[in-house]
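Going down the list, the sequences are from chains D, B, A and V.
Numbering-wise, the first sequence is residues 4 to 384 according to the numbering used here.
Numbering-wise, the second sequence is residues 4 to 384 according to the numbering used here.
Numbering-wise, the third sequence is residues 426 to 714 according to the numbering used here.
Numbering-wise, the fourth sequence is residues 426 to 714 according to the numbering used here.
Where is the CB? At the ideal position from N, CA and C, for every residue including glycine.
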Amino acid sequence: MKLHEYQSKALFAEHGVPIPRGAVASSASEAIVVAQDLGIRVVVKAQVLVGGRGKAGGVRLADTPKEAGELAARILAMKIKNLPVRKVLVDEAVEPITEIYLGVTNDRSANRPVLIASAEGGVDIEDVAHTDPEKIVRISIHPLLGLQEFQARYLASAIELPRDYWRDFIRISRGLFEAYVDSDATLAEINPLVITKNDRLMALDGKVVLDDNALFLHPDLAEMRDIDEEVPAERDARKYGLSYVKLQGTIGCMVNGAGLAMASMDVIKLMGGEPANFLDIGGGASAEKVTAGLRIILTDPNVKVVLINVFGGITLADEVARGILPAIADEKPKVPLVVRLVGTNEEEGQRLLAKAKMITVSTLEEAAQLSVDLAKKGNVE
Amino acid sequence: MKLHEYQSKALFAEHGVPIPRGAVASSASEAIVVAQDLGIRVVVKAQVLVGGRGKAGGVRLADTPKEAGELAARILAMKIKNLPVRKVLVDEAVEPITEIYLGVTNDRSANRPVLIASAEGGVDIEDVAHTDPEKIVRISIHPLLGLQEFQARYLASAIELPRDYWRDFIRISRGLFEAYVDSDATLAEINPLVITKNDRLMALDGKVVLDDNALFLHPDLAEMRDIDEEVPAERDARKYGLSYVKLQGTIGCMVNGAGLAMASMDVIKLMGGEPANFLDIGGGASAEKVTAGLRIILTDPNVKVVLINVFGGITLADEVARGILPAIADEKPKVPLVVRLVGTNEEEGQRLLAKAKMITVSTLEEAAQLSVDLAKKGNVE
Amino acid sequence: MSIFIDKSTRLVVQGITGREGFFHSAQMLEYGTNIVAGVTPGKGGEWVLEGKVPVFDTVKLAVETTGANCSVIFVPAKFAADAILEAADAEVPLIVCITEGIPVQRMMKVQHFVRQRDVTLIGPNCPGLLTPGISKVGIIPGTIAKSGNVGIVSRSGTLTYEVLYALKLKGKGVSTCVGIGGDPVNGTDFVDVLGMFEDDPQTEIVVLIGEIGGSDEERAAEFIGDHMTKPVVGFIAGITAPPGKRMGHAGAIVEGGTGLASDKITALRKAGVRVADWPGQIAELIASK
Amino acid sequence: MSIFIDKSTRLVVQGITGREGFFHSAQMLEYGTNIVAGVTPGKGGEWVLEGKVPVFDTVKLAVETTGANCSVIFVPAKFAADAILEAADAEVPLIVCITEGIPVQRMMKVQHFVRQRDVTLIGPNCPGLLTPGISKVGIIPGTIAKSGNVGIVSRSGTLTYEVLYALKLKGKGVSTCVGIGGDPVNGTDFVDVLGMFEDDPQTEIVVLIGEIGGSDEERAAEFIGDHMTKPVVGFIAGITAPPGKRMGHAGAIVEGGTGLASDKITALRKAGVRVADWPGQIAELIASK
């Protein structure tokens, strides 16, 4: 789960990281009030959970509260990468002298946290990683001991930060690391961390990605989820504990297990089709969950055919069949369904499907081929 | 630094450990108010930083607020092991069905924390350790990983706690361990942890000893120090960073280094004398610190002679001499001083002492023998 | 021969009285796995599965009483990390954690602790181990595989079943099937298992099933190139997955340019691995060897 | 021969620009110790001690640049744990921490980390090492000892000087004097050092100076009884200390019945150690050997 910039920065500030004064606003009038309170030049920033808002015109400077209100109104009317902007952050405008990158994330290959810094902040750090990898410094963190002061000092030294800022840089690094640990984040980054004209270090922008599996430990953070930012179908899927990603193709997929789901999509593509989504019903799914999953797929207007591929293990094939049938009864889909259902309790599942006259096949490859054919036929009609 | 019962229990409660309702009172009238607020039978408990208050009559039950006031007045007039009682804790009276011991401390031999429990709570755990060592269960805690849930469960199982209480016991164990970690304690114990008539686990008494070296990390806890409970001389010593313990003999000692200070006391005793105190001026002491130390010793009316033993290393002998002289000039002591001063800058130190006509000797044994002789002479006069 | 488990495996099931633990314990018993104990805190002293398996309050007591030498964990995600630590603390030499959804920072700590002990952890979020005809520890359906000379190691669950099933249909049998799990932090990785298959006399050919995310497959490719003499057939799921989207479990994220299926396939092919274009093709490549 | 330090010791001083670090660096240089670097964050690039010693911002850089193989730490208690970790992380094989007053829970963590690396920590809260005539690392006054065949290991600081001085007056010399420090948690204990003296050809007799608190002396007694062939003379400070009172440093607390000087003396005597009744007697016992 991603946090907005204003949420991320608030989290950092709780751990002693200096951030600009400011507040979030949902309307032009709110933005004017914030700008008046600040009493100086402000920056109005679109709060959306995708990158590229700067290029899209979602970050603008305002000299007066009136101008801040006008800009807020304009930005709140925007869509960025198809996501409507519903909030803006109105911050005091800060003039940076230097822009640094500072982030902490999980290093998968080492199974440890890693603290990353670069003197080249303010830009996409992945671009720096590609073009100037030597400009990125990494410090591996002991998973039990956590970030130590000397490690933050190494980073400061390695990015050649002037020594006058070391003390603040160390404090901010520790604050950022604490925020990462205390929130069970998978990523916490400040980009840019700036040196201001009056010689302070300050986090101008922030990004936090939380570990969905750890949200039960952090009900306060879980509540920060911006459901407005989710595709409605993804929101519904989450409610039922389904893993769903909307894609641009025509073949709806419902599969048990992430690996098999991806493999099913791969085979569809290999056969010349395009998956409309990724949907993993997980292990041991109940009939209700299957019903919910199928409904979500059927609401997608792009879907021309639905492929259901379930290999029962912990998941019971008859339970899956019992979930498919009510969805069909209720939704009366106009598109064909292709079902491949094997594994635990396969016979009973097949019997139920046969009774409902469903199209069933025995292998994934057959299922994919048939779905692709049907989707193409659907396109022609 | 020791915390009072009421402070310890408040600390535990912050970490989710259930404690009886109650409040601290410094007068009979305050005690009446607390008892009235509680509205039930209460227990009035002397708050002193020594053991044995129960036997001394410092813990009494009161059925009415009036009785609570009377008992509070009586207890507040007491001295327990020479310490005046200045506060009482007025708690709701709880009837325990079972009394358990639960504590966490540093295991020196393993360099790890150790969680200790016993079904035989409510009594001095060290007595249990002597008489029924098998009734005490210990779990060694990983210093980086901390207490794990399964470890608390082992303890619950090992002390044969009925399973209905396991969940609460685990929660309380974790709370206690957290309190120990968060306060940098060297000991945190609940004795007794009771099962009440209405089936709840509750901490009836608590004790916390903090690591003096870690107090700089916990200014809030450092403020809890009850300076009324300290011998004034020990309080003064602490102010100057001196390590001072008042004892019952007649030979005042001022030494640099704890080992040498103890050895000096041992030699005094071996020669037939009794040290009046332990005083370690530490390493690299300034003249001011030496002056303060000597003044503290001279205010003890039991002192018949003062032995100063300094082996200069990081401590400079001339600096020590420069500290001794002003104390003597100001205090004009009626008791003799025996000085043994060697090591770094010994010559200059000796020159200063000789100028002031001080008694100097060259070895510890000589110094001790002379001090013992002078103390005995002092006794005869 | 097999790897990890055999007839001497004495299994303790952590979370045996839970819904999934109970169901799969019954399945494992039926398959012939020697389940000697279950653990559910607070239920010590009970007997389950038609009175065949005693339940203990702690793993330590279960091990002391029954000599269990392998543990499988079915407890909910909230308690699973503690369950792994408990098993490691009780010095159970092989721990298989089926549970999905353990917070990743917690798992980094657990993994660090486990690695410092003489203990092997498989998983979490994995289907476990199957040595056809001998023993199964976990949830891989026993009926879809027969004994043979193919060693399988996989980050995926159901995709592995798909492959097992296809092999069986082609008449090919399996030495041991190892599901290492799809989480970003796990106890045992491809390289660990590949090394064991290389040393296992029963295994003559190895199937590696990977997916997008991380760089385990790249490290496996390096190991295969440098150390493996036995032929390896591979498959990587997620060639069509869009970058940056979360695909079901945390392991399956393409992170900033690395972790792409195409990179993994290239690395494996460079190391001499025949990589299948679709899962069904694995069985064909094995059969055509 | 000596233990821990010799002519090949290349010392880095952490906290070299502080009051104590600077003073004792000058003393060590004068004694002949080869100080190759100092570390003070933020002062890298300066030169101190009449331009003889370069200062670095980090231990890593100091080690890379100068080949330092030993570190001595004088930084304040608040930063000393971090300084130990920094030295261990930079793989300095021998770390001597003079600083007193490190919080004990923090020190338990540091000690656990250090023990898992191939690194020796001496201290904290210790006077350090002295190999008379060769090198000193720490604060033991160099003038009070001469070279010889007596190995000294001590939990105390100034009490050790007392013994060194008395030995010198009796004409007895020292192979190496090791102050292991008086804190409840320290890096190197009596047993570690006794084993090294047993193996050191120069050392012919060993002096062990203990004090009340803990059970290090009891474990030392066991080791001496089981493994030492060289004679050991002992002294335990605090025979007259009242139980439960804090005597100067955290190590010197008598904890609930254990840690008593009398128990320690009994244990040592049982192991064949001649225990002196007063510090001055140590030199007599050595001289009379």
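Alpha carbon of residue i to alpha carbon of residue j, nearest angstrom
| i | j | result |
| --- | --- | --- |
| D:K242 | D:C256 | 19 Å |
| D:L377 | A:A712 | 32 Å |
| V:V521 | V:T545 | 8 Å |
| D:N316 | D:G346 | Note on residue identity: the sequence assigns Gly, not Asn, to residue 316 of chain D. Approximately 6 Å between the Cα atoms of the pair. |
| B:A76 | D:A206 | 58 Å |
| D:L367 | A:S572 | 24 Å |
| A:M621 | D:P116 | 29 Å |
| V:T585 | V:T601 | 12 Å |
| V:V480 | V:V473 | 7 Å |
| B:P304 | B:L297 | 13 Å |
| D:E350 | D:V309 | 22 Å |
| B:V62 | B:I198 | 20 Å |
| V:V616 | A:I509 | 35 Å |
| B:L3 | B:L204 | Here chain B covers residues 4 to 384 and nothing more, so residue 3 of chain B does not appear. |
| B:A132 | A:N611 | 43 Å |
| D:L148 | V:R540 | 14 Å |
Residue i (DSSP reduced to helix, strand or coil)
| i | result |
| --- | --- |
| D:E95 | strand |
| A:G681 | Low confidence applies to A:G681: its pLDDT is 45, below 50, so where it sits in the model is not reliable, and the reading given next is rough at best. Coil. |
| B:A295 | helix |
| D:P136 | helix |
| B:L250 | coil |
| V:T691 | helix |
| D:R56 | coil |
| V:R580 | coil |
| V:R699 | strand |
Burial state of residue i, where buried means 16 or more other Cβ atoms lie within 10 Å
| i | result |
| --- | --- |
| B:S143 | exposed |
| V:I498 | buried |
| A:S450 | buried |
| A:G684 | buried |
| B:I103 | buried |
| D:G64 | In the sequence under discussion, the amino acid at residue 64 of chain D is Leu, which differs from the Gly named in the question. With fewer than 16 Cβ atoms within 10 Å of its Cβ, D:L64 is classed as exposed. |
| V:T628 | buried |
| V:E643 | buried |
| D:K307 | buried |
Contact set for residue i: own chain, Cβ-Cβ below 8 Å, skip 5 residues either direction
| i | result |
| --- | --- |
| B:K82 | V88 |
| D:E17 | A182 |
Whole-angstrom C-beta distance between residue j and residue i, which should lie under 8 Å
| i | j | result |
| --- | --- | --- |
| V:G604 | V:C551 | 4 Å |
| V:V484 | V:V461 | Incorrect: roughly 12 Å between the Cβ atoms, too far for contact. |
| A:V575 | A:I630 | 6 Å |
| V:G607 | V:R580 | 5 Å |
| B:L250 | V:P549 | Between V:P549 and B:L250 the Cβ distance is about 28 Å, and since that is not below 8 Å, they are no contact. |
| B:V341 | B:L373 | 5 Å |
| B:D283 | B:V258 | 6 Å |
Residues of its chain near residue i, where Cβ-Cβ distance is below 7 Å and the 5 sequence neighbours each way are ignored
| i | result |
| --- | --- |
| D:Y9 | V27, Q50 and L92 |
| A:L619 | V578, V631, A645, F648, I649 and M653 |
Chain-order list of residues whose beta-carbon lies under 6 Å from that of residue i (same chain, five-residue window excluded)
| i | result |
| --- | --- |
| D:Y183 | V107 and A191 |
| V:I664 | A686 |
| A:I690 | I661 and V700 |
| D:H7 | Q50 |
| B:D110 | V117 |
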